[in-house]
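Asker:
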Amino acid sequence: GLKAGVNAGYYDIALKAGVYETKDFSFNGKTLSLTGIEEGAKILNSQNNAVASGAFDSCKVTFKDLTIETLGGIYKGFARMEATYTNCNFVNNYFTFFGKHEFVGCKFDAPTTPKNEHCLWTYGASELHFTECEFNYNDRCINVYQDNGKSSVAVVFDKCEFNTENAASVGAVEIN
519 GLKAGVNAGY YDIALKAGVY ETKDFSFNGK TLSLTGIEEG AKILNSQNNA
569 VASGAFDSCK VTFKDLTIET LGGIYKGFAR MEATYTNCNF VNNYFTFFGK
619 HEFVGCKFDA PTTPKNEHCL WTYGASELHF TECEFNYNDR CINVYQDNGK
669 SSVAVVFDKC EFNTENAASV GAVEIN
């Protein structure tokens, strides 16, 4: 339904419960609004490497009330896009490679299995803003990494909560 809706020219889409697999579509350059209207609406990126994922290339996307899940590990997410995420639940490691990303009221869960060093890697995003987000992590929470010729990355946390039960955790924010 998601692919058919966008191909038919609909860009403000309500998603019912179900798994929407990113390998099944490519929305290159669109401005989209994807909202979960039922519990269990999930965007799943099961590709091995976010750089290879072209699902939202050059898009501007608003995600709302959705679960966004990757396979875990590193380099998993949507690589070349700008986005706003509101009340989304992130499962495993998420990866941003380009542009600005705003997270409002989101929850990040990076369990130890599969191996998740971080909840999120910036890896080339220019700006990230987190407002009232909750981060549950084991080792390190966020890796702020400069790449793609960026001389700096702007990262703002406003009223966020960082949780770990690992007494040997390296820390919430790692800067490379």
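For the sequence shown, the numbering used here begins at 519 and goes up steadily by one. Glycine is no exception: its CB is placed at the ideal position from the N, C-alpha and C atoms.
What are the boundary residues of the beta strand (DSSP E) that G554 is part of?
Answerer: Here the beta strand (DSSP E) through G554 covers T549 to G554.
Asker: Quick one: what's got a C-beta closer than 6 Å to T585's C-beta in the same chain, skipping five residues either side?
Answerer: Here the set comprises K560 and N607.
Asker: Output needed for G572: all residues of its chain with C-beta closer than 6 Å, excluding positions within five of it in sequence on either side, in chain order.
Answerer: Same-chain partners within the cutoff: S544.
Asker: Which residues mark the beginning and the end of the beta strand (DSSP E) in which K582 is found?
Answerer: Residues C577 to K582.
Asker: Where do the ends of the beta strand (DSSP E) carrying A535 lie?
Answerer: Where A535 is concerned, there is no enclosing beta strand (DSSP E), given that its DSSP letter is neither H nor E.
Asker: Going by other Cβ atoms of all chains shown within 10 Å of its Cβ, with 16 needed for buried, is E600 buried or exposed?
Answerer: Counting Cβ neighbours within 10 Å, E600 comes out buried, since at least 16 surround it.
Asker: Mind checking who A573 pairs with in its DSSP beta bridge?
Answerer: Paired residue(s): none; A573 is not in a bridge.
Asker: Measure how close the beta-carbons of E692 and V662 come, nearest whole angstrom, since I'm counting them as under 8 Å.
Answerer: That belief holds up - the Cβ atoms of E692 and V662 are roughly 7 Å apart, short of 8 Å.
Asker: Please report the Cβ distance between T604 and K582, rounded to the nearest whole angstrom; I am assuming they are in contact, meaning their Cβ atoms lie under 8 Å.
Answerer: Confirmed, about 5 Å.
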